[in-house]
Amino acid sequence: MSFWSRITNAFAADSLSREIDEEMRAHIADALEDGRDPAEARRAFGPALLRREESRDFRLAGWLDSLLRDFRRGIVSLRREPGFAIAVVGVLALGIGANTAMFSVLNAVLLKPLPFPAPERLATLDESENATTRYGASALNFVDWKRLSTSFEALAAYTPTSAAVMVEGEPERWVGARVSADFFRVFGAKAQLGRTFGIGEDQPGAARVVLLTYAVWQERLGGATDVLGRDLIIDGQPHRIIGVLSPGWFDRDETAFWVPLVFTPAELTRESMWLNVTGRLRDGVSLQQARQEMGRVATELTSVNPPWKKGWTVTVDEFGRNIVGRRLRQSIYVAFGAVVMVLLIACSNVTNLLLSRGATRQKEMAVRAALGASRSRLIGQLLTESLAVCVLGGAVGVAFAWLLLRAVLSAKSVALPPTAEVGLDLPVLAFTGAIVVLVSLLIGIVPSLRISRGGLNVSLSQGTRGSSGSHAMLRRAIVAGEVAVSMVLLCGALLMLRSLVRLQSVDAGVRVENLITARTELPVAAYPTAESAVRFSQAVVERLQASAVVEHAAVASDVPLEGVVETEIFLTPHYDHHYNVSLKHVDENYFRTLGIPVVSGRGFGERDRKGAPRVIVVNQALATMLSEVLGGGASVGRIVHISVGDYVRTGAELADVEVVGVIRNERVASLQDPERPVAYAPMAQQPIRWIKLLVRTRGDLSAAMRDVRGAVRQLDPRLPLSAMRTMAEVKERSLTGTTQSTWAIGVFAGVAALLAAFGLYGVLAQTVTQQRREIGIRMALGAPSGGIVAGVVRSAAAMVAVGLGVGFGAAVAVTRLMRSLLFQVSPLDPVVFAAAAVSMMLVGLLAVFLPARRAARVDPVATLRDEG
Amino acid sequence: MAKSDSLQGSLDLLVLKILLRRPALHGYAIMSAIKEWSEDVLRAEEGTLYPALHRMEESGWIRAKWVTKESGRRARVYELTEAGKEQLAAEETRWHAVTSAVNRVLRMV
Chain S
259 MSFWSRITNA
269 FAADSLSREI
279 DEEMRAHIAD
289 ALEDGRDPAE
299 ARRAFGPALL
309 RREESRDFRL
319 AGWLDSLLRD
329 FRRGIVSLRR
339 EPGFAIAVVG
349 VLALGIGANT
359 AMFSVLNAVL
369 LKPLPFPAPE
379 RLATLDESEN
389 ATTRYGASAL
399 NFVDWKRLST
409 SFEALAAYTP
419 TSAAVMVEGE
429 PERWVGARVS
439 ADFFRVFGAK
449 AQLGRTFGIG
459 EDQPGAARVV
469 LLTYAVWQER
479 LGGATDVLGR
489 DLIIDGQPHR
499 IIGVLSPGWF
509 DRDETAFWVP
519 LVFTPAELTR
529 ESMWLNVTGR
539 LRDGVSLQQA
549 RQEMGRVATE
559 LTSVNPPWKK
569 GWTVTVDEFG
579 RNIVGRRLRQ
589 SIYVAFGAVV
599 MVLLIACSNV
609 TNLLLSRGAT
619 RQKEMAVRAA
629 LGASRSRLIG
639 QLLTESLAVC
649 VLGGAVGVAF
659 AWLLLRAVLS
669 AKSVALPPTA
679 EVGLDLPVLA
689 FTGAIVVLVS
699 LLIGIVPSLR
709 ISRGGLNVSL
719 SQGTRGSSGS
729 HAMLRRAIVA
739 GEVAVSMVLL
749 CGALLMLRSL
759 VRLQSVDAGV
769 RVENLITART
779 ELPVAAYPTA
789 ESAVRFSQAV
799 VERLQASAVV
809 EHAAVASDVP
819 LEGVVETEIF
829 LTPHYDHHYN
839 VSLKHVDENY
849 FRTLGIPVVS
859 GRGFGERDRK
869 GAPRVIVVNQ
879 ALATMLSEVL
889 GGGASVGRIV
899 HISVGDYVRT
909 GAELADVEVV
919 GVIRNERVAS
929 LQDPERPVAY
939 APMAQQPIRW
949 IKLLVRTRGD
959 LSAAMRDVRG
969 AVRQLDPRLP
979 LSAMRTMAEV
989 KERSLTGTTQ
999 STWAIGVFAG
1009 VAALLAAFGL
1019 YGVLAQTVTQ
1029 QRREIGIRMA
1039 LGAPSGGIVA
1049 GVVRSAAAMV
1059 AVGLGVGFGA
1069 AVAVTRLMRS
1079 LLFQVSPLDP
1089 VVFAAAAVSM
1099 MLVGLLAVFL
1109 PARRAARVDP
1119 VATLRDEG
Chain G
3 MAKSDSLQGS
13 LDLLVLKILL
23 RRPALHGYAI
33 MSAIKEWSED
43 VLRAEEGTLY
53 PALHRMEESG
63 WIRAKWVTKE
73 SGRRARVYEL
83 TEAGKEQLAA
93 EETRWHAVTS
103 AVNRVLRMV
């Protein structure tokens, strides 16, 4: 037979099999005419039928044919029972869809290589005091690293900046970055239009140029190709646009423009470490070799570095090590664990549904077995049918995942790193495919073994009674398992919830109510000197204080809970200890406006002007550290040393400053972080360009917001004002990551509990239906309906109790893995465990209600007549 | 059980030979022919015969077509192809070689 006819045969298999059937029938008719015993003639075909299936297997794709047939049979049988089909496909789609969505996040954030050419050759370099600290780099040290090292093909520095950019005559505040000319070579990034920075463009005296990200070019400049060569006014200075970056990961954070990093003379120090340094290793140079070389470079530079950096080294880390924070990684693992549990419960439910059809299917299987189908053939058929169900569920699930990702990711607040490209790409779909196969085995294997077992006699003897004891046992065990897994999920979700509640009740250290925050940025061109910045800060506060709805107004470098921009080195009076402290610049109204009490000494006042002795205020955390060094002495009145910056760029010199006060701790970065040491410098002595306005209102927030806008516009109409929020919103935003993971796991736990209730309901309802006759007889014999209901409830209680017991043990084992996500809540919190158990009991009650009512309403006369 | 499949690898040969003598036979007739011509000694079960027929059809030794019998029933009848005739010659040669070899052995003992 030719190859071609083999192929056509594979597809013409159906008509072929009809021909064979007809030939068989003709044969038997002939045998009858010959007077042969028809039964004997048919028996002779038992093995013949089997041979037929064997002879099919010769054919190319013969197995594919039988697979397709079973597959089609599966779909057809689903069409016959739409209710069953919707339940099964829906439950599977839920489980598979949630897993697909979660895996695409996991894949994008943790598994995919970074979207740069040869990402394994990228490294991050830091000045470090010891193995665990990473401080960034000072400008002079960076310049020397470049000069002295040979391990890197390119070494580049990066520092974020922001500026007022004129767009169609209006000032806007754009976030940008200053980068050394090699930066895009390090990352292998290309320009879509024009070029990236060339050698020497980051040297003093070079022409002012700017690169734009693709997203900004498209969205803000309309994607015009003639932008090249045009000037963009950044902080009042024209910058020639030389290129637009290719679309990709540079679009994913808020950075809009890139300017060359040209060091000012004041910036060229070894004190302040404000640069992020990234290098591309030369081909063939290992991270280890680079580490050794940078160690030697660090030793060589010891003599020129300040004495307090004695013993410091340069660390070289794999780039990206710190892109994904430990918390995010943990949250993703926990959420993924949760969806896997949801999928397990979904599978159990479907298995139970399939088993509940077992009685009907068993008869069909018995007939097929009697016709000569082998058991493996029957198992194959049942497995293929479950595969058909899973493929449908998977297809719907992928659509569901797509919707889910779109809905969740469009909320910009989702805290994922900018390198993560979340989407339903090939690896994700492959994962879904694998899940579909796995799930079809999982849900198919038990029912198919069960249903295919037992010959004709078993199914026939069951007759109309239709109860099968072993199925019932198995199904009860599965439901108990569902309850157990739900219990674990509920415990997890309730732990997260309790932790969130704890977190929300943490005292931020400031009065949150009726407080408005906003930020602006003073362009160097318009505010070239420290004095001009001080004048602006004082004028804006004066204007705001004059408003009737404003109680207090203040200017500061940072809003509470949003982090502190500046980190400085703080040395004790005798230069014997040094700490990294967060340095906040605040005016004399700040502590009063935010409601931060002064614990000892004083806050800032009019006298802390430029020219007066330099002073700082410290928080209690820093005062405690200082006090330990001073042998218990008071901090107020001591002279300490802190690196301070000049107005244009921070961090130039080490200044002697007097501690004049200690204030109560405020939460500067987030509610869950431990309190850290903070120093406050008076704005009048150390003004800054990035300014936050803080306004305490007398109730009317929207009127006050108008006043804030008006005051700034009156002073300088070109000044962009952004991120205007109430402090309550700021607090809410600081909890975003925690709120989101709590929500996610909460939703998964809720879905799991509902599925468990569904499973429980299914088993109970079927039991009641099957025992209708028995219940009817018992009622006819005078059993009270209360006793009947008690029986149903007892059977539910048994399943729930076993599930809760197992679930309790599992939860104890599993919730420990969440420890690092929990805030002041023990992973074995008894309240949570009790609440989870009670919730599952309520779920059980919900499931038992309908079946129990139906049992109580069984009409003995009707049931007995049915049997008649 | 006396008359179970006793063809021992000679089924192809018998079918081909029968089809050479009597073209256009259907399966049942081939089965009856084996029984008759061997004077009730040899017998092919349906379960052996039909797979063999289909196998030989795939090998291209025989071809099948549907005919309508006088009774009005459709029947699938088989005919020998040219390749089948060649195969028959080869099988016959092999058969004679084997049986005469077996006979020689039997005579010697």
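Protein chains in written order, with the numbering used here: chain S, 259 to 1126; chain G, 3 to 111.
Don't be surprised by glycine CBs; every beta carbon is placed ideally from N, CA and C.
When the Cα atoms are used, phenylalanine 521 of chain S and leucine 829 of chain S turn out to be separated by approximately 26 angstroms. Using a Cβ-Cβ cut-off of 7 angstroms, aspartate 279 of chain S does not count as an interface residue toward chain G, since no Cβ of chain G sits closer than that to its own.
Residues of chain S with a Cβ closer than 7 angstroms to the Cβ of alanine 77 of chain G are, in chain order, Ala284.
Proximity of aspartate 288 of chain S to chain G, defined by a Cβ-Cβ separation below 7 angstroms, is satisfied. Aspartate 328 of chain S is classed as buried because its beta carbon has at least 16 other beta carbons within 10 Å across all chains shown. Chain-ordered listing is empty here: chain S has no CB closer than 9 angstroms to the CB of histidine 98 of chain G, the nearest sitting near 29 angstroms. Secondary structure within the segment 840–921 of chain S: the alpha helix (DSSP H) runs of 4 or more consecutive residues, fully enclosed, are 848–852 and 878–887 (chain order).
DSSP places lysine 67 of chain G within a strand segment (E or B) once states are collapsed to three. Comparing alpha-carbon positions, the option among S:His843, S:Glu679 and S:Leu1079 lying closest to leucine 369 of chain S turns out to be S:Glu679.
In the DSSP annotation of this structure, the continuous segment of the beta strand (DSSP E) that includes glutamine 495 of chain S starts and ends at 495–503. For alanine 1002 of chain S, the uninterrupted alpha helix (DSSP H) run begins and ends at 994–1028, by DSSP. Fully enclosed beta strand (DSSP E) runs of no fewer than 3 residues occupy 948–955 and 979–984 of the segment 938–985 of chain S, in order along the chain.
Taking the Cα of alanine 1068 of chain S as reference, the smallest distance to any Cα among S:Ala435, S:Ala1095 and S:Glu281 is reached at S:Ala1095. Any Cβ of chain S closer than 7 angstroms to the Cβ of glycine 29 of chain G would place that residue at the interface, and such an atom is present. When the Cα atoms are used, leucine 687 of chain S and threonine 1121 of chain S turn out to be separated by approximately 51 angstroms. Burial is judged here by how many other beta carbons sit within 10 angstroms of a residue's own beta carbon; tryptophan 403 of chain S has at least 16 and is buried. Runs of the alpha helix (DSSP H) lying entirely within the segment 748–813 of chain S, each at least 4 residues long, are 788–803 in chain order. The segment 727–747 of chain S and the segment 1007–1022 of chain S touch, with three or more beta-carbon pairs separated by less than 8 angstroms.
Here phenylalanine 577 of chain S carries a coil assignment [DSSP, helix/strand/coil]. It is roughly 17 angstroms from the alpha-carbon of asparagine 838 of chain S to the alpha-carbon of aspartate 816 of chain S. For leucine 539 of chain S, the uninterrupted beta strand (DSSP E) segment begins and ends at 534–539. Taken atom to atom, the span from the alpha-carbon of proline 685 of chain S to that of valine 346 of chain S is near 26 angstroms. In the three-state reduction of the DSSP assignment, tyrosine 472 of chain S falls in the helix class. Here aspartate 288 of chain S is buried, its C-beta having at least 16 other C-beta atoms within 10 Å. For glutamate 280 of chain S, the closest of G:Thr83, G:Glu81 and G:Thr70 by C-alpha to C-alpha distance is G:Thr70. Closest by C-alpha distance to arginine 78 of chain G, out of S:Cys749, S:Ala381, S:Gly889 and S:His285, is S:His285. In the structure shown, glutamate 512 of chain S falls within a coil segment according to DSSP collapsed to helix, strand and coil.
Classified as buried, alanine 422 of chain S has 16 or more neighbouring CB atoms from the shown chains inside 10 Å of its CB. Collapsing the DSSP output to three states places histidine 28 of chain G in a strand. Positions of the beta strand (DSSP E) runs, each at least 3 residues long and wholly inside the segment 398–434 of chain S, are given as 410–425 in order along the chain.
Taking a C-beta distance under 7 angstroms as the contact criterion, alanine 939 of chain S and histidine 843 of chain S qualify as a contact pair. Threonine 1000 of chain S places its beta carbon 7 angstroms or farther from that of leucine 700 of chain S.
Here DSSP, grouped into helix, strand and coil, assigns isoleucine 701 of chain S to helix.
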